[in-house]
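Below is one structure; the comments refer to it alone.
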Ligand SMILES: Cc1cc2nc3c(=O)[nH]c(=O)nc-3n(C[C@H](O)[C@H](O)[C@H](O)COP(=O)(O)OP(=O)(O)OC[C@H]3O[C@@H](n4cnc5c(N)ncnc54)[C@H](O)[C@@H]3O)c2cc1C
Ligand SMILES: Nc1ncnc2c1ncn2[C@@H]1O[C@H](COP(=O)(O)O)[C@@H](O)[C@H]1O
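Protein chains in written order, with the numbering used here: chain A, 314 to 578; chain B, 44 to 373.
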């Protein structure tokens, strides 16, 4: 029987947005979308999709993409499908704009209840908007299953999943019973590019859409547990002393002398 | 119900330096009015070498020893979550602090979700709101492009993980009491098994401890130039770091990565070569004192944070820089 894998992906503002185009509405405590820069699928989530597709390449697996959000851009959200995922399930509602981790977990858990059961739930290590790295941990806790973070390799076998977990100075090998939640990190290696065939196949697939009602959820239950009091761009004044010379080599020499002068080297 | 629980970490059998930073954060909150004292909990399989003298700032040191807590807790960190939930049951702290490390970034949120408590990850500051009597935290968001201030409104325990380097560790000798806390009864719930931990020992100075760091990015164009960075680091007694782009390209191991999802460092001199200075990279440098940049693009973000810079091609700048450094080293 095919292994059923869910991959949680989030649509986020492009983290490569130049700092000069990154703006915040300080009254509404919101990020203003940079004009002309479309959102992307969160980078680490593409690594999670890649991990799922590698499992599918190696055996029999069905990969379902789950996402919670508002204002989905279909060209963006279909990327995992064009990479090779089988199905896309979207929970979209104005209430889902900037949900906090606890509420996102509630919605994802309801989606999993509706579309599951899954043997393995993969996600990115963190979303590049609010940089929390919380949702998968909360999801595992809510589903009452184990979680393992920062995978650089994921191998399901005989009801268990074996994970190589990236540490800042090495790695761990961890085994958990399935179902389990596993977060994937960039150490896994590059996510594959969509092929032309994949893009064609994805264009024919329609996402399954689930509303607040379909999920049996009440908007009032999605209040944030932490209140955002202020959001602002910290002021930084450049104080750089640019070292110049007759040419670049001379500048390098002068830099060394200047650093020595201040006892920094 | 009261007090601050600091979840410390153990390194080579002793209390890890990052725990002192957490105690400093706890002391700040205590100074602003969080009563009930500060407890430092440390977990491991053998804590016999730990003494309260090494925990300045803690009123109590709670030792939690169990074989399942080896390597900071059996993989996936089930064991410490279970142990800490038991401590919570018995002591009901108002505030629980972790460091945002491999260990704390996972264990903190997992404990919070288990307790149904709100949690703030990767905080660089925290304070007590005198109106509400609750904690307020500041954390970088959007890769460090913005700062967000959150209030723990509501009630119940408040869990936060603190960015390493954000606080200066408490100095001096500790005078707290020491007690053991038994967790044998709760360890049956461990599901994930740690098969092995492989630590890649870095040669020379550890990045986290280095006073001088020479760091390279995508602009280096390949793995070979890192040999020169290593040579320079050797002469200066420093360590070599890298941007994620250089690590992802496979030029150096990911253990070199500095930044939001890499290491936080606090050198007195950080020399970056061919690094653009993306906010996610700079997030690892909040503790760096003098950033120096060599980059051919004068508009690169790195120059906004740098104290000294050379706008130029590193292939021309670096050899002359190194030759001069060698001469100076005599
Ligand atoms: C959620 C998230 C987490 C992340 N975490 C991290 C992290 O922990 N650490 C990290 O580093 N990044 C991280 N990143 C990636 C980050 O956004 C940048 O993509 C990355 O830091 C860029 O690396 P770079 O500066 O080496 O490359 P680039 O941005 O490509 O910059 C290369 C620089 O080299 C210069 N250059 C080129 N040739 C030369 C030459 N001959 N001489 C001199 N200069 C030259 C160029 O002018 C350019 O400024 C993260 C991203 C996300 C979304
Ligand atoms: N709204 C969402 N929809 C689907 N998955 C999400 C959502 N938010 C977070 N996730 C998943 O959880 C991971 C960590 O997110 P976060 O805790 O927000 O940093 C992401 O990389 C996604 O895989």
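All C-beta atoms in this analysis are idealised placements derived from N, C-alpha and C, irrespective of residue type, glycine included.
- Residue pairing of residue 381 of chain A in beta bridges, as defined by DSSP: A:404.
- Per DSSP, residue 574 of chain A is one residue of the alpha helix (DSSP H) stretching across 561-574.
- Contact annotation: in the region 445-463 of chain A, residues whose CB is within less than 7 Å of a CB in chain B are 445, 446, 447, 450, 451, 454, 459, 460, 461, 462.
- Placement of the Cβ of residue 358 of chain B at a distance of less than 7 Å from at least one heavy atom of ligand 1 is found.
- Between the alpha carbons of residue 139 of chain B and residue 48 of chain B lies a gap of roughly 5 Å.
- About 6 Å separates the Cβ atoms of residue 539 of chain A and residue 195 of chain B, confirming a contact at the 8 Å cut-off.
- Exclusion of the five residues before and after residue 108 of chain B leaves 86, 87, 88, 89, 90, 223 as the residues of its chain whose Cβ lies within less than 8 Å of its Cβ.
- Remark: the C-beta of residue 289 of chain B is in contact range of ligand 1, defined as less than 7 Å to any heavy atom.
- For residue 156 of chain B, the uninterrupted alpha helix (DSSP H) run begins and ends at 147-158, by DSSP.
- Taking C-alpha positions only, residue 543 of chain A is separated from residue 441 of chain A by approximately 19 Å.
- The three-state secondary structure of residue 239 of chain B, taken from DSSP, is strand.
- By the rule that beta-carbons nearer than 8 Å mark a contact, residue 485 of chain A touches chain B.
- Under the Cβ distance rule, residue 517 of chain A does not count among the residues neighbouring chain B, no pair being separated by less than 8 Å.
- Across the set A:407, A:362, A:463, A:412, the C-alpha of A:362 shows the shortest separation from the C-alpha of residue 401 of chain A.
- Secondary structure note for residue 436 of chain A: it is in no alpha helix (DSSP H), and the uninterrupted beta strand (DSSP E) holding it is 433-437.
- Under the Cβ criterion of 8 Å, residue 469 of chain A is not counted among the residues facing chain B.
- Residue pairing for residue 338 of chain A: DSSP places it in a beta bridge opposite A:343.
- Three or more beta-carbon pairs separated by less than 8 Å are not found between the region 508-518 of chain A and the region 450-469 of chain A, which leaves the two stretches without contact.
- Residues of the region 59-81 of chain B that bring their beta carbon within less than 7 Å of a beta carbon in chain A are absent altogether.
- Contacts between residue 239 of chain B and chain A, judged by CB atoms closer than 8 Å, involve 485, 486 in chain order.
- The beta carbon of residue 213 of chain B lies closer than 7 Å to those of 63, 66, 67, 70, 99, 100 in the same chain, with the five residues before and after it left out.
- About 7 Å separates the beta carbon of residue 316 of chain B from that of residue 361 of chain B, a gap short enough to meet the 8 Å contact definition.
- Closer than 8 Å to the CB of residue 340 of chain A there is not a single CB belonging to chain B.
- Chain-ordered, the chain B residues with CB closer than 8 Å to the CB of residue 566 of chain A read 363, 364, 366, 367.
- When Cβ-Cβ separations below 8 Å define contact, residue 161 of chain B makes contact with chain A.
- Taking a contact to require three or more Cβ pairs closer than 8 Å, the region 216-230 of chain B and the region 155-164 of chain B do not qualify as touching.
- Between residue 407 of chain A and residue 322 of chain A, the gap from beta carbon to beta carbon reaches 8 Å or more.
- In this structure, the CA atom of residue 455 of chain A is about 26 Å from the CA atom of residue 185 of chain B.
- Closer than 7 Å to some heavy atom of ligand 2: that describes the Cβ of residue 380 of chain A.
- Counting only the Cα atoms, residue 336 of chain A lies some 41 Å from residue 492 of chain A.
- Chain order gives the chain B residues near residue 561 of chain A as 355, 356, 359, 360, where near means a beta carbon separation below 7 Å.
- Along the region 348-364 of chain A, there is no position whose C-beta sits under 7 Å from a C-beta of chain B.
- At a beta-carbon threshold of 8 Å, the residues of chain B lying near residue 335 of chain A are 185, 188, 189, ordered along the chain.
- Taking 8 Å as the upper bound on Cβ-Cβ separation, chain A lies near residues 234, 235 of the region 206-235 of chain B.
- Setting aside the 5 residues that flank it on each side, residue 230 of chain B is surrounded in the same chain by 109, 111, 122, 125, 126, each with a C-beta closer than 8 Å to its C-beta; the list follows chain order.
- Note on residue 225 of chain B: under 16 other CB atoms within 10 angstroms of its CB, so exposed under the neighbour-count rule.
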